[in-house]
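Chemist:
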Amino acid sequence: MRQVDLAIVGAGPAGLSAAIEAAKAGVKVVLFDENQKAGGQLFKQIHKFFGSKAHQAGVRGIDIGNNLLEEVEKSGAEVMLDAVVWAIYKTDTLCVTHNGKNTMFKAKKILLATGATENVLAFPGWTLAGVMGAGAIQTMINVHRVLPGKKVLMIGSGNVGLIVSYQLMQAGAEVKAIVEALPTIGGYAVHASKIVRCGVPILTSTTIKQAIGKEKVQKAVLINLDKNFKQIAGTEQQLDVDVICLAIGLSPLSELAWMAGCEFADVPQLGGFLPVHNENMETTVPGIYVAGDLAGIEEASTAIEEGRLAGIAIAESLAFLTAGEAKEKKHLIIDRAEQLRDGPFGLSRRQAKEQLIQRSLK
Amino acid sequence: MTLTKNGFFDIKELEKLPGVPSKERLQKGPVVVIECAQKIPCNPCEEACHKKAISIGDFIIDLPVLDSELCTGCGLCIAACPGQAIFVVDMTYSETNAAVQLPFEFLPYPEQGEIVDGLNRAGQTVCDAKVLKVLNPEKFDRTAVITVAVPEKFGMEVRNIKLKKDRKND
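These protein sequences, in sequence, are chains A and B.
Okay, so the first sequence: first residue is 5 according to our numbering, each after it adds one.
Okay, so the second sequence: first residue is 1277 according to our numbering, each after it adds one.
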């Protein structure tokens, strides 16, 4: 069994950032990812990010991903790809299948940065080929350059639905409509505007009633919703589409945290059930930390800040940083994260985070 | 508010924004039109402006405020905006036409001199637009800035272009 200071599960923006900060401080880090390439979802984010210069605003996600890979390489952290972490025992031991072989790792500290999984929506016809998650479609078009279909219906007008609609058009598909069950558009107006000015309608108070097709999607039936989200009979309309894309939110991917015995809380503003953590991103199980979407569904920029925070807190707890050094670094990071959790879109997430941290103190 | 309901501004909503110049200023020559209405954490436009005509301040969720007297309409902020919400409008381009600079991220790009459709904020084709310039330097990081000439009355309406259907692709 190999022994390390810090084992990180998941090499997305949070895991990479934590690895970089901890390894720079001298911590011996191993970072696992089940994929063939590190970077998580960053390499399919071909759009420019928001934020300020300190958050790399204006830089495309794919380039932020490349920068992180370069940094992690320089930092000396070991990255193990094709490495599935499938169990966590006694709060310090990880079972890993790496390149098809089972191994175990003992770690002084563990950071879970496992990310999220896409939510699904069941409706008649939802098992037809052509009904897909937005994340899957984004991987197909932006990573593998494969167009899943020509005529797309997008379900959900949050930022993911809006961004993926735009990227589908960039990839050459026609987006027939975006539907949104709520009476208003969920994501940023700037994302909505750039799609609407291409001629794509966003239909609010509308949902999908049914997908129709033989073996694969050929048509979608839309229906309007009243203010109690009840379908209004007689308002059905049909669209000829061959892809129905679901962009209705994400849920933290939390199996390992459950297995480790972390206390959970249900926080709808952050995506549902997730492990309670303190201001250092440590869960209720001492030595086990969380960051990124597992600690609350937010954007990659926030995941980067949380990962850095966890990396520094872990380096401090292992005495690679003095309390004073860590405090200074953490202060800057918390400041940057707070800037992202502000305004009408961010404030509810900030409050939910504060409550989560309060709860960890009990 | 039509913005959050339909995804586009009505002109009244737009005119109230701190990033949108007055009608008087628009008549004086090229100036930036910042169609940014929501408090989201974002400020690259502020730094992109060499003339310090755009200010946001320490609270990066605040809306960009335009000092339209300082703005020369250079358009450096257009590609810097991650939301593609910045345009430059020159109502004085010619006797009959206005020039609009807009961000564009679809391939293929139109060519200089080409006639394309001019689309309004709702995505409707409202006029023909003549491509005056296609800028795509490295600094813009793959957001091209395209300048089109449109009839003057569409200067504050055209915000997108579409290549003609019968266009020969290269």
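For glycine and all other residues, C-beta sits at the position ideal for the given N, C-alpha and C.
For clarity, every value in this text was computed on a predicted model and none was experimentally measured.
I'd like to know whether the C-beta of C1318/B is nearer than 9 Å to at least one C-beta of chain A.
Modeler: In the second sequence, counting from the first residue as 1, residue 1318/B sits at position 42. With 9 Å as the cut-off, C1318/B counts as an interface residue toward chain A.
Chemist: Between the segment 141-158 of chain A and the segment 112-124 of chain A, are three or more C-beta pairs nearer than 8 Å?
Modeler: Touching, no, given that fewer than three Cβ pairs across the two stretches are closer than 8 Å.
Chemist: Rounded to the nearest angstrom, how far is the Cβ of A1374/B from that of C1353/B, given a contact under 8 Å?
Modeler: Here residue 1374/B refers to the residue found at position 98 when the second sequence is read from its first residue. Here residue 1353/B refers to the residue found at position 77 when the second sequence is read from its first residue. That belief does not hold up - the Cβ atoms of A1374/B and C1353/B are roughly 19 Å apart, past 8 Å.
Chemist: From which residue to which residue does the beta strand (DSSP E) around L1411/B run?
Modeler: Along the second sequence, read from residue 1 onward, the residue named residue 1411/B stands at position 135. Element bounds for L1411/B: 1401-1411.
Chemist: Which residues of the segment 187-203 of chain A have a Cβ closer than 8 Å to any Cβ of chain B? Give them in chain order.
Modeler: So the list reads P187, T188, I189, Y192, A193, V194, H195, A196, S197, K198, I199, V200, R201, C202, G203, given in the order they occur along the chain.
Chemist: Taking Cβ to Cβ, would you say G1359/B is nearer than 9 Å to K198/A?
Modeler: Within the second sequence, the letter at position 83 stands for residue 1359/B. Within the first sequence, the letter at position 194 stands for residue 198/A. Cβ atoms of G1359/B and K198/A: closer than 9 Å.
Chemist: Which first and last residues belong to the alpha helix (DSSP H) in which F349/A is found?
Modeler: Within the first sequence, numbered from 1, the residue matching residue 349/A stands at position 345. Note, F349/A: alpha helix (DSSP H), 347-365.
Chemist: Can we count V63/A as close to the ligand COA, meaning its CB is less than 8 Å from some heavy atom?
Modeler: In the structure shown, the ligand COA is absent, as is every other ligand, since no ligand is present at all.
Chemist: Mapping the DSSP letters down to three states, classify S1344/B as helix, strand or coil.
Modeler: On the second sequence, residue 1344/B is found 68 positions in, with the first residue counted as 1. Reduced to three states, the DSSP call for S1344/B is coil.
Chemist: With a threshold of 9 Å between beta carbons, is E1414/B in contact with chain A?
Modeler: Taking the second sequence and counting its residues from 1, the one referred to as residue 1414/B is at position 138. With 9 Å as the cut-off, E1414/B does not count as an interface residue toward chain A.
Chemist: My assumption, with CB atoms under 8 Å, is that V183/A sits in contact with I159/A. Please give the rounded CB distance.
Modeler: Against the first sequence, residue 183/A aligns to sequence position 179. Against the first sequence, residue 159/A aligns to sequence position 155. Sure, about 6 Å apart at Cβ, within 8 Å.
Chemist: Which runs of the alpha helix (DSSP H) fall wholly inside the segment 18-106 of chain A and span at least 4 residues, in chain order?
Modeler: Runs of the alpha helix (DSSP H) inside the segment 18-106 of chain A: 65-79.
Chemist: My understanding is that L115/A touches I318/A, with C-beta atoms under 8 Å, so please give their C-beta distance in whole angstroms.
Modeler: Reading the first sequence from its first residue, position 111 is the one you call residue 115/A. Reading the first sequence from its first residue, position 314 is the one you call residue 318/A. Going by Cβ atoms, the distance from L115/A to I318/A rounds to 7 Å, so yes, they are a contact pair.
Chemist: Around the Cβ of A365/A, are there at least 16 other Cβ atoms within 10 angstroms (buried) or fewer (exposed)?
Modeler: Numbered from its first residue, the first sequence carries residue 365/A at position 361. The sequence given here places Leu at residue 365/A; Ala does not occur at that position. Burial call: exposed.
Chemist: So, is the C-beta of V164/A closer than 9 Å to a C-beta in chain B?
Modeler: Here the question's residue 164/A lines up with position 160 in the first sequence. No, no contact with chain B.
Chemist: Step through the CB atoms of chain B and report whether any lies within less than 9 Å of the CB of K48/A.
Modeler: On the first sequence, residue 48/A is found 44 positions in, with the first residue counted as 1. So, not an interface residue.
Chemist: Would you decide whether G1333/B is buried or exposed? Buried here means 16 or more other CB atoms lie within 10 Å of its CB.
Modeler: The residue labelled residue 1333/B in the question sits at position 57 within the second sequence. Per the 10 Å Cβ criterion, exposed.
Chemist: My understanding is that V1365/B touches V1307/B, with C-beta atoms under 8 Å, so please give their C-beta distance in whole angstroms.
Modeler: Translated into positions along the second sequence, residue 1365/B becomes position 89. Translated into positions along the second sequence, residue 1307/B becomes position 31. With 8 Å as the limit, V1365/B and V1307/B qualify as a contact, their Cβ atoms being about 7 Å apart.
Chemist: Is K1315/B close to chain A? Criterion is C-beta to C-beta, closer than 9 Å.
Modeler: Stepping through the second sequence from its first residue, residue 1315/B is reached at position 39. Yes - at least one Cβ of chain A is within 9 Å of the one on K1315/B.
Chemist: Reducing DSSP to helix, strand and coil, say where H281/A ends up.
Modeler: Numbered from its first residue, the first sequence carries residue 281/A at position 277. In this structure, H281/A counts as strand in the three-state DSSP scheme.
Chemist: Measuring alpha carbon to alpha carbon, tell me which of D86/A, T288/A, Q7/A ends up nearest A15/A.
Modeler: By 1-based counting over the first sequence, the position of residue 15/A is 11. Looking at the Cα atoms, D86/A is the closest of the given residues.
Chemist: State buried or exposed for E1335/B, treating a residue as buried only when at least 16 other CB atoms are found within 10 Å of its CB.
Modeler: In the second sequence, counting from the first residue as 1, residue 1335/B sits at position 59. The sequence as given places Phe at residue 1335/B; Glu does not occur at that position. F1335/B should be labelled exposed.
Chemist: Using a Cβ-Cβ cut-off of 9 Å, state whether M158/A counts as contacting chain B.
Modeler: Reading the first sequence from its first residue, position 154 is the one you call residue 158/A. M158/A does not count as touching chain B.
Chemist: Per DSSP, K155/A forms a beta bridge with which residues?
Modeler: Here the question's residue 155/A lines up with position 151 in the first sequence. For K155/A, which the question treats as bridged, DSSP gives the partners E178/A.
Chemist: So E122/A is in the beta strand (DSSP E); what residue range does that whole segment cover?
Modeler: Along the first sequence, read from residue 1 onward, the residue named residue 122/A stands at position 118. Counting along the chain, the beta strand (DSSP E) containing E122/A begins and ends at 120-122.
Chemist: Taking G1351/B as the reference, give the member of H1326/B, Q1303/B, E1371/B with the closest Cα.
Modeler: Taking the second sequence and counting its residues from 1, the one referred to as residue 1351/B is at position 75. Per the Cα distances, H1326/B.
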